[in-house]
Amino acid sequence: MLEARLEQASILKKVVDAIKDLVQDCNFDCNDSGIALQAMDNSHVALVSMMLKSDTFSPFRCDRNIALGINLNSFQKVLRCAQNEDILTLKADDSPDVVSLVFESSEQDRISEYDIKLMDIDQEHLGIPDTEYAATITMPSGEFQRICRDLSALSESVAIEAEKNAVKFVCNGDIGNGAISLRNHSSVEKPEQNVNIELSEPVALTFSLKYLVNFCKASGLSGSVKLCLSNEVPLLVEYELASNSYLRFYLAPKIGD
Amino acid sequence: RPGQGNIMNFFGKK
């Protein structure tokens, strides 16, 4: 059986809020290492990969591999019944028909119990190769969100160009063009504003802004975001969570004529 | 989708 207790319901709330417009039904794969999810969007352009390691939970118990097939819209409805600071416990049998959620208020003596009906989801798992990326950019997640939002007003796509010490986001639209350049920036006083660009070779790739704007819904999960790029492979957008857990998005690049 | 790459062309099925 599965029993996984989260100190703060907000983590799961934010994860589901961040991915539910991209994927609708997905399996939460539970085993002794934690709870994982991998799902493509309908058009097979983007892939979501979430890992909540067992250390994220306290306690965490899962004796067997259990796949919880959940409709994310339903999951969101139930998670909205939890306060952000509630303690959240997920429970399921070894061959479950439902997943149970218990929300406990730490301040009040209130316990809320919900069940969500599970579904059989035949999901393909893709093998994501280990990649040495040519460029890795770490920047404030809010900054990345703002860039994507701003440029999406002008164009459908953005070119991300990484070169020594600088990354440029460029778009060309019907009404005009836009470009935002960021340089390496590190401040002891405001480390949350740091930008770090690691580069082994210059990279330039074009991506759909619609998907990037969607990924940025995860900005509330982490103050910083990591963008990993190599020529002719999908972009990795990673939000790191506590205990080595993560929410990752992969986006296939646009292909030139 | 002309112009848009497919993620399955990069990550094979397991």
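Just so you know, the protein sequences line up as chains A and B, in that order.
Okay, so the first sequence: first residue is 10 according to our numbering, each after it adds one.
Okay, so the second sequence: first residue is 496 according to our numbering, each after it adds one.
Glycine residues also receive a C-beta, built at the ideal position from the N, C-alpha and C atoms.
Bear in mind that the values here come from a model prediction, so they are computed numbers and not experimental data.
What does residue i touch in chain B if you count any residue whose Cβ is under 7 Å from its own?
{"i": "Lys263/A", "result": "Gly498, Gln499 and Gly500"}
{"i": "Met148/A", "result": "Under the 7 Å cutoff, chain B gives no residues; its nearest Cβ is about 23 Å from Met148/A."}
{"i": "Ile137/A", "result": "Phe506"}
{"i": "Glu133/A", "result": "Lys508"}
{"i": "Tyr259/A", "result": "Ile502"}
{"i": "Met49/A", "result": "Ile502"}
For the beta strand (DSSP E) holding residue i, just list the boundary residues, first then last.
{"i": "Asn205/A", "result": "Asn205 to Leu208"}
{"i": "Asp26/A", "result": "Premise fails: Asp26/A lies in the alpha helix (DSSP H), Ser19 to Ile28, not in any beta strand (DSSP E)."}
{"i": "Leu56/A", "result": "Ala55 to Lys62"}
{"i": "Thr98/A", "result": "Ile96 to Ala101"}
{"i": "Lys173/A", "result": "Per DSSP, Lys173/A belongs to no beta strand (DSSP E) and is neither H nor E."}
{"i": "Asp50/A", "result": "No beta strand (DSSP E) contains Asp50/A, which DSSP labels as neither H nor E."}
{"i": "Arg192/A", "result": "Asn186 to Arg192"}
{"i": "Phe69/A", "result": "Phe69 to Cys71"}
{"i": "Leu256/A", "result": "Tyr255 to Leu260"}
{"i": "Glu12/A", "result": "Leu11 to Leu15"}
{"i": "Lys235/A", "result": "Ser233 to Leu238"}
{"i": "Val197/A", "result": "Element bounds for Val197/A: n/a, residue is neither H nor E."}
{"i": "Ile120/A", "result": "Ile120 to Lys126"}
The alpha helix (DSSP H) with residue i in it runs from where to where?
{"i": "Leu160/A", "result": "Ser150 to Ser161"}
{"i": "Phe224/A", "result": "Leu218 to Phe224"}
{"i": "Lys86/A", "result": "Leu81 to Leu88"}
Assign residue i to buried or exposed, taking buried as 16 or more other Cβ atoms, counted over all protein chains shown, within 10 Å of its Cβ.
{"i": "Pro497/B", "result": "Here the model assigns Pro497/B a pLDDT of 49, short of 50, so the residue's position is not dependable and the matter cannot be decided."}
{"i": "Cys39/A", "result": "buried"}
{"i": "Leu21/A", "result": "buried"}
{"i": "Ala188/A", "result": "exposed"}
{"i": "Asp154/A", "result": "Correcting the residue type first, residue 154/A is Gln in the shown sequence and not Asp. The residue is buried, with at least 16 neighbouring Cβ atoms inside 10 Å."}
{"i": "Arg70/A", "result": "exposed"}
{"i": "Gln47/A", "result": "buried"}
{"i": "Ala162/A", "result": "exposed"}
{"i": "Gln117/A", "result": "exposed"}
{"i": "Val25/A", "result": "buried"}
{"i": "Arg158/A", "result": "exposed"}
{"i": "Asp50/A", "result": "buried"}
List the residues of chain B whose Cβ lies closer than 9 Å to the Cβ of residue i, in chain order.
{"i": "Ala55/A", "result": "Ile502"}
{"i": "Val242/A", "result": "Phe505"}
Just checking: is the beta-carbon of residue i within a distance shorter than 8 Å of some beta-carbon in chain C?
{"i": "Pro68/A", "result": "Within the model displayed, chain C is absent; protein chains A and B are what it includes."}
Cβ of residue i within 8 Å of Cβ of residue j?
{"i": "Val91/A", "j": "Leu97/A", "result": "For the sequence presented, residue 91/A should be read as Ala rather than Val. Their beta carbons are under 8 Å apart, which means Ala91/A touches Leu97/A by this criterion."}
{"i": "Ser166/A", "j": "Phe224/A", "result": "no"}
{"i": "Phe501/B", "j": "Val54/A", "result": "Looking at the sequence shown, residue 501/B is not Phe but Asn. Taking 8 Å as the Cβ cut-off, Asn501/B and Val54/A qualify as a contacting pair."}
{"i": "Ser114/A", "j": "Asp95/A", "result": "yes"}
{"i": "Ser164/A", "j": "Cys180/A", "result": "yes"}
{"i": "Lys173/A", "j": "Leu208/A", "result": "yes"}
{"i": "Gly78/A", "j": "Ile130/A", "result": "yes"}
{"i": "Asp88/A", "j": "Val108/A", "result": "Note on identity: in this sequence residue 88/A is Leu, with Asp being the wrong assignment. Their beta carbons are not under 8 Å apart, which means Leu88/A does not touch Val108/A by this criterion."}
{"i": "Lys23/A", "j": "Leu81/A", "result": "no"}
{"i": "Cys237/A", "j": "Leu250/A", "result": "no"}
{"i": "Ile137/A", "j": "Phe506/B", "result": "yes"}
{"i": "Val1/A", "j": "Tyr248/A", "result": "What the structure shows of chain A is the stretch from 10 to 266, and residue 1/A is not part of that stretch, so it cannot be assessed."}
{"i": "Ala18/A", "j": "Phe84/A", "result": "no"}
{"i": "Thr147/A", "j": "Asn205/A", "result": "yes"}
{"i": "Pro149/A", "j": "Gly43/A", "result": "no"}
{"i": "Asp106/A", "j": "Met10/A", "result": "no"}
{"i": "Ala261/A", "j": "Val212/A", "result": "no"}
{"i": "Leu135/A", "j": "Leu56/A", "result": "yes"}
{"i": "Asp41/A", "j": "Ser58/A", "result": "no"}
Going along chain B in order, which residues have a C-beta closer than 8 Å to the C-beta of residue i?
{"i": "Ser217/A", "result": "Gln499"}
How do the region 187–197 of chain A and the region 231–246 of chain A stand: do at least 3 beta-carbon pairs fall below 8 Å, yes or no?
-> Touching, no.
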